[in-house]
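Below: one structure, written as structure tokens.
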Amino acid sequence: MRDTIKIGIIICDRYRTCAGGKCLRSMRNREGAFSIYKDQQVELVGYTTCDGCPGGNVEYAPEEMVKNGAQVIHLATGLVVGYPPCPYLEYFQDFIEAQYKVRVVVGTHPIPEKYLKIHSKLKTWESPQWRELIRPTLTDEQTRLAYD
Ligand code: SF4
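Number 1185 marks the last residue of the sequence shown (this note's numbering); no jumps.
Below you can see the structure in the form of structure tokens.
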């Protein structure tokens, strides 16, 4: 039997009414950042928002997720693609890993093509740091179009 990885997802509060459609679909299909779990079962043990800038819920929500067994916390793709992207992204990643000793992955579902188009025009992701941050969710054009 394949082993099970337990994950939590924190989304950007801008998208707080989101029902999680793209995240859950990509989790099921092992697309985008979830492609790392190709050979594992994935169980979602927590899903919440950052509670709005500057992301106060990031201080506490991971604790609940870890208590529920979370081994990895995903910062949703909305933090990457929003206009502007979350300015605290790397801080959140460092903080959660330092405070809760749990792995943090930036991204969930593949970046939709429409967001890539605009961010390319804006040159948002040209730095080496950004290239690394979008690496798990950039995928390919066909996949990105399927998430538009
Ligand atoms: S930009 Fe960052 S801190 Fe602000 S609402 Fe979105 S995730 Fe939270």
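Every residue, glycine too, gets a C-beta built ideally from N, C-alpha and C.
In this text, all values refer to a predicted model and were calculated from it rather than measured experimentally.
>> Which residue marks the beginning of the alpha helix (DSSP H) containing Val-1109, and which one marks its end?
In response: Indexing the sequence shown from 1 puts residue 1109 at position 72. Where Val-1109 is concerned, there is no enclosing alpha helix (DSSP H), although the beta strand (DSSP E) it sits in stretches over 1109-1112.
>> At 4 residues or longer, what runs of the alpha helix (DSSP H) sit wholly inside the region 1042-1091?
In response: Runs found: 1058-1066.
> What residue range is occupied by the uninterrupted beta strand (DSSP E) comprising Arg-1140?
Replying inline: By 1-based counting over the sequence shown, the position of residue 1140 is 103. Per DSSP, the unbroken beta strand (DSSP E) holding Arg-1140 starts and ends at 1140-1143.
> Do you know whose CA, among Lys-1104, Glu-1068 and Ile-1110, lies nearest Cys-1087's CA?
Replying inline: Numbered from its first residue, the sequence shown carries residue 1087 at position 50. Cα-wise, what sits closest to Cys-1087 is Ile-1110.
>> By the three-class DSSP mapping on this structure, what secondary structure does His-1146 have?
In response: For the purposes of this step, residue 1146 is taken as residue 109 along the sequence shown, with counting starting at 1. Coil, per DSSP.
>> Among the candidates Val-1118, Gly-1083 and Val-1141, whose CA atom is the shortest distance from the CA of Ile-1148?
In response: Here the question's residue 1148 lines up with position 111 in the sequence shown. The shortest Cα separation from Ile-1148 among Val-1118, Gly-1083 and Val-1141 belongs to Val-1118.
>> Please list the terminal residues of the continuous alpha helix (DSSP H) segment that includes Asp-1177.
In response: Indexing the sequence shown from 1 puts residue 1177 at position 140. Annotation: Asp-1177 is outside any alpha helix (DSSP H) and is labelled neither H nor E by DSSP.
> How about Gly-1083 and Ala-1070: are their beta carbons less than 9 Å apart?
Replying inline: Within the sequence shown, residue 1083 is the residue found at index 46, counting from 1. Within the sequence shown, residue 1070 is the residue found at index 33, counting from 1. Not a contact, by the Cβ cut-off of 9 Å.
>> For Val-1103, report the span of its alpha helix (DSSP H) as first-last.
In response: Here residue 1103 is taken as the residue at index 66 of the sequence shown, counted from 1. Residues 1098-1104.
>> Quick test of your reading: Ala-1113 and Thr-1145, contact by CB under 8 Å. State the CB separation rounded to the nearest angstrom.
In response: On the sequence shown, residue 1113 is found 76 positions in, with the first residue counted as 1. On the sequence shown, residue 1145 is found 108 positions in, with the first residue counted as 1. Indeed, because the Cβ distance is near 5 Å, the residues count as touching under 8 Å.
> With 16 as the cutoff for other CB atoms within 10 Å, does Gln-1078 come out buried or exposed?
Replying inline: Counting from one through the sequence shown, the residue named residue 1078 turns up at place 41. Burial call: exposed.
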